[in-house]
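Shown next, in structure tokens, is the structure this report addresses.
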Amino acid sequence: MTRPEAAVALRWRLSPRLLLRRAGFGIHWWLDLAHRQTAERASEYRDRTAALERARAVLLPQLVDAVSRAAETEDKPALRVLSKARRALGRRGELGPASLPELREPMAAYQAAWLAAHRSAELLAAAVTAESADRDRRLRPLLGDERVRDALLQLAPAFHAEVLRWCATAGPKAVRAKDRAFQRRAYLYAQRLAVKNETTSFFGPLVHGKVSDEVTGILLGGETPAGVREVEAFVAFWAVCALAEAIAADPAMADLVPPSWLPSCRRDASTVRFADGRAVRLTDDQAALVAAIDGERTVGVLADLAGVDLVAARTLLAKLARAGAVRRAPEPPSTTSRPLEWLIGWAGRHAAHTSWPTALTDVRQLADRYAHAADHATRASRLADLEDRFTGLAGVDARRAAGRMYADRAVVSIDARGDQTPVLVGTDTARRWAGQLSPVLAVASHHGELRTLAANQWCGELMRGDAEMPYDELIRRVQNAPEERLAELEKPARQFAESYRELVLSGVDPADPRQSVLTPESVLALCPPPSRPAFVSPDVLLEHGRDEDLIVLGELHPYVFAWGSQGHFSDDPDGLAADFTADLSPWGGPGRLATVIRRRRHKGLVSDTFPGRFIEVTAVATDDATRSVPLSAVTVVLAENGPRLHDSDGELVLYAGEDDHPHLRAFAAPSASLPTVWIAGQAPRVRVGDLIAQRARWACRAADLDIAPQHGTTEIFLAAQRLRTTRGLPRFCFAALPHEPKPIAVDLDNPLAVEVLAALLRAGQADEFTLAEMRPAPDSLWLEHHGRPTTSEFRIALTGGVR
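Note that the UniProt record's numbering gives residue 396 to position 396 of the sequence shown, counting from 1, and the numbers run on in steps of one.
So, in structure tokens, the structure goes:
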């Protein structure tokens, strides 16, 4: 039930800055892996299977009635015939000649449909066999392309080497299991390059744009042959930390690396308290040494200040390091974009008497040479030089999780500034985007606000009446408390989600259960007046249709792209920063905005361009101590409106929370969260005006694909076509598997793609998976690059104020 006064929404202001993310290769690279004859036979098989299902649906109720009549008259011969027919219908098998006069016509129709489907299955099986024999031929243009090889080298050097070996052969005479595994892996990289946005190198460059009142529609800048205008090498954070550890272990640096204190640990006059609650008592000499640790004083200076001998100081510091309270190696700030440059500077100050400054500069130069190589062969040679140098210095492998999709991490990566810049989006288009998004974002914002409120209330209860407590103590209570109470407090969020579900259900056309059509007014009517400003950064995809152009809503992010690694290569970095700091009202203004920093594991969602303060846990956030506060210095204060985070300067509001960390979500600006609506194993496409707010999805079982060990590609591919028929699946989907970090683009007309999906299900022993329609589909892409349709999305940002 809606209320008239509830039709109040956030007034969303679109940031004038945006990011265009595109795939590195045209969609044709992926589509060309399909097999035309198999696709044609699959279409015929689906038609025949659908006809069989219709004939079965007509016959089955008549058969049930006939069984009832025969049972009443105790006609045993008829019952035997009918039972046999029912068993055949149950497994969708052959009936044989129609032997019952009253069912002769529907049985004959079913038998004819079964024979047509059976014959079609035989033809499709033959086509699948032909497809299997033809795979190498279809893969060779892809894997033989110089740019594809260059991309593979940067994504997975081990697979790049495997591709070169494969391309040097004439192809296997008989396809072996290892050949099929190679083909599947090649497919995975093909979908990654031609469908996904990597945001790295020339095959996923950063393309900045802005809203302009000087253009209408969307205006793209010129292209370059390479697809980029600038590249830069970034030595991985983990690799720099490995080099820092090697410096600390160098005998020439003994006692010269200043120990630093981990901010998650608290130290007072006589005790060290760890983040997990443990406490260690210190002697007076030990306490004096611990109190003197500041990240600048060397071991000898600390020993002198504490009045202890050097051996005792080393022993205590070693124990504290093992316990996780002290660092003995230099630690690059986790927000720096260029950690190697930081370590070079550190070595210049602290290790100038050693060879380390020169060695680190060598690594920097080798990385630059790698980034500016003219071709993949040269780049591979330069990568080998860099890896040899790194391993010789750091004493660790130059690759992490080598060969694993998305986990493969090299010492160096390349980021690039793309061509087609500047991207100018006219104010007419920007207004359309904001207007179409506004009702759905109002729902997502309110849902996120309710979930944040629940987490905050839970934290208040866990304070158990204390007016104030250390934040790390509250974190321990949250981590140790059963979450049933949080689930109770989230009841308003679930009720709101149910109201949204009922609205979506009301918009479903019974003739097409795959879609729900809603009016913007009906969606807005769900939302009560907002209580606070909000921020959201959605991915927006543009669908260019034959009759109309639509907007497709992707993920809703709580992050400002300008404050992370995606902010690189802006034509106007000062303007970019200014536009995103102009309105910080969702966080209560610049004086309250803060973010929790753990030790960095990747490029980083938060860089040193972040305008707020950093709460350090296990990481060094920045060299500017005035911008950081240790976790141990943050408290939770119980106020009239619930618990609030504080440091010595006042209240803090976290930049973004996380679903699986209520202790973060409770104190963060609410993250917009649009509930996913499922109806009987299917999430319908939800359309609001010109916006597709939810793409159609299907909950599937591994058993639906007949992935039993004895079944091969043919059986699995036929099962996939039957699944398409019964569930109404489109050709192009994204498959989400429980054990895979990212969805896989699947062409259900391609036996290789279906084989990949089955292999992933088997490898992960997954019982269930989800398929989502690809929208826009390959024939509805609006962006072209180098004359080819290319998948893309805009990352935009909106701030909502109370109207």
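Beta carbons: idealized from backbone N, C-alpha and C, even for Gly. Just so we're clear, the structure is a prediction, and the values are computed from it rather than from any experiment.
Other residues of its chain near Val163: CB distance less than 7 Å, five sequence neighbours each side excluded:
Contacts found: Leu143, Arg149, Leu152.
Arg592 and Leu652 - do their beta-carbons sit closer together than 9 Å?
Arg592 sits close to Leu652, with the two beta carbons spaced by under 9 Å.
Quick check on Ile293: does DSSP put it in helix, strand or coil?
Three-state DSSP puts Ile293 in coil, outside helix and strand.
Per DSSP, which residues does Leu553 bridge with? Please list them.
Looking at the DSSP assignment, Leu553 forms a beta bridge with Val540.
Thinking C-beta only, is Leu320 closer than 9 Å to Leu305?
In this structure, the beta-carbon distance from Leu305 to Leu320 does not fall below 9 Å.
Where the beta strand (DSSP E) through Gly589 begins and ends:
No residue range can be given for Gly589, since it is assigned to no beta strand (DSSP E) and is classified by DSSP as neither H nor E.
Assess contact between the segment 760-777 and the segment 687-705, defined as three or more Cβ pairs (one per stretch) separated by less than 8 Å. Is contact present?
Contact between the segment 760-777 and the segment 687-705 is present, because at least three Cβ pairs lie under 8 Å.
What residue range does the alpha helix (DSSP H) around Met107 cover?
Met107 -> alpha helix (DSSP H) spans 104-144.
Check Gly604 in the structure and name its three-state DSSP category.
Here Gly604 carries a coil assignment [DSSP, helix/strand/coil].
With a Cβ-Cβ cutoff of 9 Å, do Arg22 and His646 count as a contact?
Their beta carbons are not under 9 Å apart, which means Arg22 does not touch His646 by this criterion.
Between the segment 252-268 and the segment 603-621, can you find at least three pairs of beta-carbon atoms closer than 8 Å?
Between the segment 603-621 and the segment 252-268 there are three or more C-beta pairs closer than 8 Å, enough to call the two in contact.
In the DSSP assignment, find the alpha helix (DSSP H) that holds Asp304 and state where it starts and stops.
299-306 is the span of the alpha helix (DSSP H), which, as asked, contains Asp304.
Starting from the C-beta of Asp428, find all residues in its chain whose C-beta is less than 8 Å away, skip the five residues before and the five after it, and write them out in chain order.
Excluding positions up to five away in sequence, the list reads Thr216, Gly217.
For the alpha helix (DSSP H) containing Ala168, list its first residue and its last residue.
Unbroken run through Ala168: none, as it is neither H nor E.
Leu10, DSSP secondary structure in three states:
Here the model assigns Leu10 a pLDDT of 49, short of 50, so the residue's position is not dependable and the matter cannot be decided.
Alpha-carbon to alpha-carbon, Leu638 and Leu450:
About 19 Å.
Answer with buried or exposed for Ile796, where buried requires no fewer than 16 other C-beta atoms within 10 angstroms of its C-beta.
Residue environment for Ile796: buried (at least 16 other C-beta atoms within 10 angstroms of its C-beta).
Per-residue burial, Leu310 [other beta carbons within 10 Å of its own, 16 or more giving buried]:
The residue in question, Leu310, is exposed, as its Cβ has fewer than 16 Cβ neighbours within 10 Å.
Using a Cβ-Cβ cutoff of less than 8 Å, which residues in the same chain neighbour Ala394 once the five nearest sequence positions on both sides are dropped?
Taken in chain order, the residues that qualify are Ala239, Ala242, Leu243, Glu245, Ala246.
Return the Cβ separation of Ala398 and Val411 in integer angstroms, given the expectation that the two are a contact with Cβ distance under 8 Å.
With a Cβ gap of about 5 Å, Ala398 and Val411 count as contacting.
Rounded Cβ spacing between Lys603 and Ser570 (contact assumed at less than 8 Å)
The pair is not a contact, with the Cβ atoms about 16 Å apart (cut-off 8 Å).
Thinking C-alpha only, which one of Leu79, Gly348, Ile615 is nearest Pro333?
Comparing alpha-carbon positions, the option among Leu79, Gly348, Ile615 lying closest to Pro333 turns out to be Ile615.
State the CB to CB distance for the pair Glu543 and Ser780, rounded to an integer number of angstroms; the pair is presumed to be in contact (CB under 8 Å).
Contact flag correct, Cβ pair sits at about 5 Å.
Compute every distance between the C-beta of Gln436 and the non-hydrogen atoms of the ligand PLP, then say whether any falls below 8 Å.
Absent from the structure shown: the ligand PLP. Ligands present: none.
For Arg46, which of helix, strand or coil comes out of DSSP?
When DSSP states are grouped into helix, strand and coil, Arg46 belongs to the helix group.
Apart from the five residues on each side of it in sequence, which residues of its chain come closer than 6 Å, Cβ to Cβ, to Gly426?
Excluding residues within five positions, the ones whose Cβ falls inside 6 Å are Val215, Thr216, Gly217.
Looking only at its chain, what residues have a beta carbon closer than 6 Å to the beta carbon of Glu468, apart from the 5 residues adjacent to it on each side?
Hits under 6 Å: Thr635, Val637.
Can you check the segment 441-494 for any alpha helix (DSSP H) of at least 4 residues that lies completely inside it and give the ranges in chain order?
Listed in chain order, they are 471-480, 484-489.
Beta carbon of Pro586, beta carbon of Pro533: below 9 Å?
Contact: yes.
Within its chain, find whatever has a CB closer than 8 Å to the CB of Gly307; leave out the 5 residues flanking it on each side and keep chain order.
Asp285, Ala288.
Check whether Leu761 and Leu737 have beta carbons under 9 Å apart:
Taking C-beta atoms as the reference points, Leu761 and Leu737 count as a pair closer than 9 Å.
Taking the alpha carbon of Arg501 as the point to measure from, which residue in Cys527, Pro675, Leu631 has its own alpha carbon closest?
For the residues Cys527, Pro675, Leu631, the minimum Cα distance to Arg501 belongs to Pro675.
Any 3 or more C-beta pairs closer than 8 Å across the segment 16-31 and the segment 121-136
Taking one beta carbon from each stretch, the segment 16-31 and the segment 121-136 have fewer than 3 pairs nearer than 8 Å; the two do not touch.
Let me make sure I understand the geometry here. Which of Gln710, Ser537, Trp114, Asp32 has the alpha-carbon closest to that of Arg54?
Taking only the C-alpha atoms, the option nearest Arg54 is Trp114.
Just the Cα atoms here: how many angstroms apart are Glu715 and Pro106?
Glu715 and Pro106: Cα-Cα distance of roughly 28 Å.
Report the option in Phe202, Pro513, Pro77, Glu387 whose CA atom is closest to the CA atom of Gly681.
Out of Phe202, Pro513, Pro77, Glu387, Pro513 has the C-alpha closest to the C-alpha of Gly681.
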